[in-house]
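Read through the structure below, which is laid out as structure tokens, and then see the notes.
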Amino acid sequence: MSAFVDTVAAPLVNASRFRAAHEAEWERLDQLVTRMEKRSVRALPDDDILALPLLYRSALSSLSVARETSLDRSLVIYLEQLCTRAYFQLYGVPDTALRQFGRFLARDWPMAVQALWRETLVSFLLTLAGVLAGWWLVSTDPSWYYSIIPDAMAGGRDPAASAETLRATIYGAENGDGGLATFAAYLFTHNSQVAIFAFALGFAFTVPTVLLLVYNGLSLGAMLCLFAKKGLGLNFLGWLTIHGSTEMFAIILAGAAGMKIGTAVAFPGRDERTEAAVRAGRSASVAMVGVVLMLMVAGLLEGIGRQTVQADAMRYGIGLAALAGWLAYYYLPRRREGDHALAA
Amino acid sequence: MRWRRNRGPRSVASLRRTFVTPEGVDLRLELGSAGTRASAYILDMVILLISMILATTAIGLLGVAGAGGEAFMILWLIGAFVLRNGWFILFEMGGRGATPGKRLLGLRVVARDGGRLTGGAVIARNAMREIEIFLPLSFLGVQAAEGAADGFLTIFALLWTGIFLFFPLFNRDRLRVGDLLAGTWVVNTIRAKLGTDLVAARAEQPRRVFSDAALDLYGIYELQTLENVLRNGQEEAIVTVAATIRRKAGLPDDGDDYAFLSDYYAALCARLERGMMVGRRREDKHVVMGRR
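Chains as they are written, first to last, in this note's numbering: chain Y, 1 to 344; chain R, 1 to 292.
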């Protein structure tokens, strides 16, 4: 039955005509998108950039037409992936890193921290409660000290130590002259990792974050009480303040950021739960980058400044100046304009 | 009552998602499956580990040659921190929205609302990895260190952390905790070449003609399966399919299976397309058209 017929007439199906008419445009768009994916939009000459939106829209309309009129699956799949790639190159690509970083410093970082003010207050109060509890526990019964502060962290600073030993830990150059910078780097990376961890834990309805904050306060209170009993309270505070004002602030902010996402997930308010989570997550994570930067500063102050600056007045001066600087940076009123590019 | 076959793209568990561009066209994105994403992650970790080892040796050699231990330690500490936290963030903030592992497996990160992928979103989705991966790992580590001193507590802790680890399996969009919080999802990005036009390829030559009865055997689904067979060009499949079609249509074997299938494809395609133009879309062979 299958006789042959000799026809060299017009193309048999629409798809062939359609392809012949538009294939060149698709090819060009494909090339442009590939170049943008490999480098960036700046790799394209001007007339290509001008052509890009037109090519993109015509590819989109080709896709719609092909879906409705063509049975060639390979054609539809090709157009789908071409349009998808072009879409993400046109709409989905973030700014250049440098510009993002500039905007982050100028607006997004302080704005994100400002938006956390309620949580920051709560986590500050929690830490304070921890400090008071730690102080009270150790002052009523010094044996609490051992259960609050692990041996490795105490490093000989326990109720059994003499005032001289304790004084030496505050004023001595414990690491000799080398190793300060290494110590700073270690402190920075370790603390940052813990802060990121505390932030992420906030997702579990903030409970673990709250525990971490209170525990942090407890150990601070216990230490304070220990030194105060030996008459070294103010000296210890000075030793702590030089970096602690930055570090504790950063930890409180990390806790606040964790709290923010935890409460957004638990109590989304009028928004849909996922929507609330997304909004909180994006802005809180911007604050977290700030926290890591703060911890970097704290690590430098702690690793280097603490051992080289020995006078109490200088220690208080540096620490309080840093605190004032952070507070001014975050909370001084500033104009609200434009959109949050990083946290939008 | 007839049972409809539940085919891939239309089934409930499908990973295709409607995604309408501002121009009003649905791109029908396909989400990355949990398996692919896990593989991409493992791939990334392997690359990360290798680059860490290489960097360590390089810095070590420099350290031995130069100033000594201190600079080495600082470089290493900061480098390890930046690699661990920055690897995913920096790559995903780039133009491709993918780490090397994701890129190799054809995945990319995309904002769920179709907007720009912001830095905040990328950071949020990667910071959450701390509780997804490292929390379970650290509990396992504690258990190993203490020799399962408190078995019950460990099991409880593992279960609790397992919720985060296996979170993507519990929702239909395969979202990690990080994706949920950042408003992102991970989609497949295939790069397809435009295949040759199978119909046009046969246009210049004398073609076989088929009766209406022979062409009424199949619908669009079968046509596209035939297209796959022709494009893949596997000898066995071509022989089998050609034999089946000949048997069903009652046609004699003329010895050239590929040409026969190409002609049948062209004829069927033209016929179905004509039907489609007048609003008669025949999805598959089970659909019987009312009037011819």
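Beta carbons: idealized from backbone N, C-alpha and C, even for Gly.
All of these numbers come straight from a predicted model, not from anything done at the bench.
Pair within 8 Å by beta-carbon distance, residue i and residue j
i: Y/V76; j: Y/F18; result: no
i: R/V199; j: Y/A15; result: yes
i: R/L260; j: R/R208; result: In the sequence on display, residue 260 of chain R carries Phe and not Leu. Contact: yes.
i: Y/V33; j: Y/Q89; result: yes
i: Y/I251; j: Y/G305; result: no
i: R/T21; j: Y/L327; result: no
i: Y/G303; j: Y/L187; result: yes
i: Y/A254; j: Y/F205; result: no
i: Y/I170; j: Y/L98; result: no
i: Y/L71; j: R/L226; result: no
i: Y/V278; j: R/A182; result: yes
i: R/A40; j: Y/Q81; result: no
i: R/N126; j: R/I89; result: yes
i: R/R112; j: Y/S74; result: no
i: R/G95; j: Y/E23; result: no
i: R/L217; j: R/A249; result: yes
i: Y/L92; j: R/G97; result: It is Gly, not Leu, that sits at residue 92 of chain Y in the sequence shown. In this structure, R/G97 lies closer than 8 Å to Y/G92 by Cβ.
i: Y/A184; j: Y/L300; result: yes
i: Y/A168; j: Y/K230; result: no
i: R/L117; j: Y/T84; result: no
i: R/R280; j: R/G219; result: no
i: R/Y221; j: R/D284; result: yes
i: Y/L126; j: Y/V214; result: yes
i: R/A128; j: Y/F197; result: Just to set this straight, residue 128 of chain R is Met in the shown sequence, not Ala. No, they are not a contact pair.
i: Y/L166; j: Y/F227; result: yes
Same chain, Cβ closer than 6 Å to residue i, five either side skipped, listed in chain order
i: Y/A256; result: L116, E119, T120, S123
i: R/E92; result: V109, V122
i: Y/Y146; result: none
i: Y/A276; result: A264, P268
i: R/R274; result: none
i: Y/V138; result: W144, Y145, A222, C225
i: Y/G176; result: Any reading at Y/G176 needs caution, since the residue's pLDDT is 46, under 50, leaving its predicted position unreliable; the model's value is listed next. Correct list: empty, nothing qualifies.
i: R/L75; result: I59
i: R/L29; result: R17, F19, V187
i: R/A124; result: L181, A182
Close beta carbons around residue i, own chain, < 8 Å, minus the five adjacent residues each side
i: R/P136; result: L158, T161, G162, F164, L165
i: R/V186; result: L31, G32, R37, K102, L107, R108, V109, V110, R174, D179
i: R/R2; result: With a pLDDT of 46 at R/R2, under the threshold of 50, the predicted position of this residue should be treated as unreliable, though the coordinate-derived value follows. Excluding sequence neighbours, R/R2 sits near H286.
i: R/A267; result: R207, R208, V209, F210, L215
i: Y/L201; result: P208, T209, L212, G258
i: R/I295; result: Lying outside 1 to 292, the shown extent of chain R, residue 295 of chain R is not represented and no answer is given.
i: R/P252; result: R246
i: R/L43; result: P100, G101, L104, L105
Residues bridged to residue i [DSSP beta-bridge criterion]
i: R/W185; result: R/V110
i: R/L29; result: R/R17
Cut-off 7 Å between Cβ atoms - residues of its own chain near residue i, not counting five sequence neighbours on either side
i: Y/Y330; result: P110, V113, Q114
i: R/E236; result: none
i: Y/G238; result: D312, R315, Y316
i: Y/V244; result: For the record, residue 244 of chain Y in the displayed sequence is Gly; it is not Val. Around Y/G244: G319.
i: R/M52; result: A80, L83
i: R/R291; result: Because the pLDDT of R/R291 is 47, which lies under 50, any placement of that residue in the model is unreliable, and the number read from its coordinates should be weighed accordingly. For R/R291, where only same-chain residues beyond five positions count, there are no Cβ hits under 7 Å.
i: Y/L218; result: G130, A133, G134, I148
i: Y/L295; result: F188, N191, S192, A195, E247, A250
i: Y/A86; result: L29, V33, Y56, A59
i: Y/M288; result: I196, F199, A254, A257
Output, in sequence order along the chain, the residues in the region 157-187 of chain R whose CB is closer than 7 Å to any CB in chain A. Within the model displayed, chain A is absent; protein chains Y and R are what it includes.
Residues from the region 200-220 of chain Y in contact with chain R, defined by Cβ distance under 8 Å: A200, L201, F203, A204
When you check each C-beta in the region 239-270 of chain R against every C-beta of chain Y, which residues fall closer than 7 Å? L251, D254, A266, C269, A270
Between the region 275-285 of chain Y and the region 218-227 of chain Y, do three or more beta carbon pairs fall short of 8 Å? no
Contact set between the region 75-86 of chain Y and chain R, restricted to residues whose Cβ is under 9 Å from the partner: L75, I77, Y78, L79, E80, Q81, L82, C83, T84, R85
Below 8 Å, how does it come out for the region 37-48 of chain Y and the region 168-183 of chain R: are there three or more Cβ pairs, yes or no? no
Just by C-beta distance, which residues in the region 92-113 of chain R are closer than 9 Å to chain Y? M93, G94, G95, R96, G97, R108, V110, A111, R112, D113
Going along the chain, which residues of the region 31-51 of chain Y sit with their C-beta nearer than 9 Å to a C-beta in chain R? T34, M36, E37, K38, R39, S40, V41
Members of the region 12-31 of chain R near chain Y, C-beta cut-off 8 Å: T21, P22, E23, V25, L27, R28, L29
At a CB distance below 7 Å, what residues from the region 118-131 of chain R approach chain Y? Give them in sequence order. T118, G119, G120, A121, I123, A124, A127, M128, E130, I131
Using a Cβ-Cβ cutoff of 9 Å, what residues of the region 215-234 of chain R are near chain Y? List them in chain order. I220, L223, Q224, E227, N228, R231
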